[in-house]
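What follows is one structure encoded as structure tokens, with my remarks underneath.
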Amino acid sequence: MWPLGTDPVPRGAPNPYAPIEWEITERRSLAISDGGALAPMATALDARRSERTFAPIPEALLGALLWHVARTKESAPSPFGFQIEYRPSPSAGAIHPIHLVIQLADEDSWARYNPQEHSLDLLANGNRLLQPLLDYSGQVMPQGGGRLILFVAEPGKTAAKYQNPESLVWRDAGVLQSSIALVAAALGLNYCLLGITGNPWVAQLSNQGKLQGVGVAILGKKP
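Throughout the sequence shown, residue numbering follows the UniProt record's numbering, covering 1 to 223 in sequence.
As structure tokens, then:
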């Protein structure tokens, strides 16, 4: 049961936090989107629905989706131990504690979306750590030619500013998941959230104990 009486409140003084240091093997830059592939908002809203069939998605469309949902547009210093950021999707305190970890096409590897560089940062040991999650998610819904997107929370970032930050982290995850759903519809892509969090496997992406899974989705083109 959700605990009562635990509304988040700003701390009287910040609790500085050192964000996770991701171990990566390669950085792949993504193309900048000019928005030309996006349908009008009214069309996207009418078209949006959870789909369950997926074809492979070209990297250009994946890059466009990430550009319009999650890139860093602006950043500023903060007393929290990291910069606050302004992205297309809102976040409590401009903190953005939710990372996107994406399955790469035709490769036994995973990448974290780097919003500052608009790149895919390939994760060391991602396949070894996440293969059990891949098998488990397939029992929930076959992904066909689609890619898994993992929503990975770093709650310590939100806790640097707020007491009782848990509900803010979950709300941030929901906002990002909804933003992806709408932009995917605007790009003519199929997208479906699964009813799993990704734990315990997502938490193992960091041996620093700083990560938690808060959602899994499948993204692909229409077959």
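Even for Gly, the Cβ is constructed at its ideal location relative to N, Cα and C.
Inter-residue Cα distance where the pair is residue i and residue j
i           : j       : result
Leu-30      : Leu-65  : 11 angstroms
Lys-221     : Leu-62  : 10 angstroms
residue 283 : Pro-79  : The first residue shown for the chain is 1 and the last is 223, placing residue 283 beyond what the model contains.
Gln-177     : Gly-12  : 31 angstroms
Leu-193     : Val-175 : 13 angstroms
Gly-138     : Glu-107 : 17 angstroms
Ala-70      : Arg-87  : 6 angstroms
Leu-205     : Gly-146 : 22 angstroms
Gly-126     : Ala-111 : 8 angstroms
Pro-132     : Trp-201 : 7 angstroms
Asn-207     : Gln-103 : 20 angstroms
Leu-129     : Ala-105 : 17 angstroms
Gly-35      : Lys-210 : 35 angstroms
Tyr-17      : Gly-156 : 7 angstroms
Ser-33      : Ala-60  : 8 angstroms
Pro-90      : Asp-135 : 32 angstroms
Leu-148     : Glu-21  : 23 angstroms
Asn-114     : Asp-46  : 30 angstroms
Gly-144     : Trp-67  : 25 angstroms
Terminal residues of the alpha helix (DSSP H) in which residue i lies
i       : result
Leu-180 : Here residue 180 is Ile; the residue named in the question, Leu, does not match the sequence. Residues 166-186.
Ser-137 : 126-140
Ala-159 : 155-159
Bounding residues of the beta strand (DSSP E) (the contiguous stretch that carries residue i)
i       : result
Arg-27  : 24-29
Tyr-86  : 84-86
Asp-121 : 119-123
His-96  : Taken as a continuous stretch (DSSP letters only), His-96 belongs to no beta strand (DSSP E), as it is neither H nor E.
Lys-210 : It is not in any beta strand (DSSP E) - Lys-210 carries neither H nor E in the DSSP assignment.
Leu-38  : Taken as a continuous stretch (DSSP letters only), Leu-38 belongs to no beta strand (DSSP E), as it is neither H nor E.
Trp-67  : Segment 59-70 is the alpha helix (DSSP H) holding Trp-67; no beta strand (DSSP E) there.
Ala-76  : 74-76
Trp-110 : 110-114
Leu-189 : 189-194
Pair within 7 angstroms by beta-carbon distance, residue i and residue j
i       : j       : result
Val-101 : Leu-150 : yes
Val-214 : Ile-196 : no
Phe-82  : Pro-19  : yes
Ala-160 : Pro-40  : no
Ala-37  : Leu-219 : no
Arg-48  : Ala-181 : yes
Val-185 : Ala-44  : Per the sequence shown, residue 185 should be read as Ala rather than Val. Taking 7 angstroms as the Cβ cut-off, Ala-185 and Ala-44 qualify as a contacting pair.
Local Cβ density within 10 Å of residue i, reported as buried at 16 or more and exposed below that
i           : result
Glu-154     : buried
Ser-119     : buried
Asn-199     : exposed
Asn-190     : buried
Val-9       : exposed
residue 227 : It is not possible to answer for residue 227, since the shown part of the chain is limited to 1 through 223.
Lys-73      : exposed
Val-152     : buried
Ala-173     : buried
Q) Are the region 165-173 and the region 84-98 in contact at 8 angstroms, needing three or more beta carbon pairs? A) Contact holds between the region 165-173 and the region 84-98, because three or more Cβ pairs, one in each stretch, are under 8 angstroms apart.
**Q.** At least 3 beta-carbon pairs within less than 8 angstroms: the region 47-56 vs the region 16-34
**A.** Flag = no, the region 47-56 and the region 16-34 do not touch.
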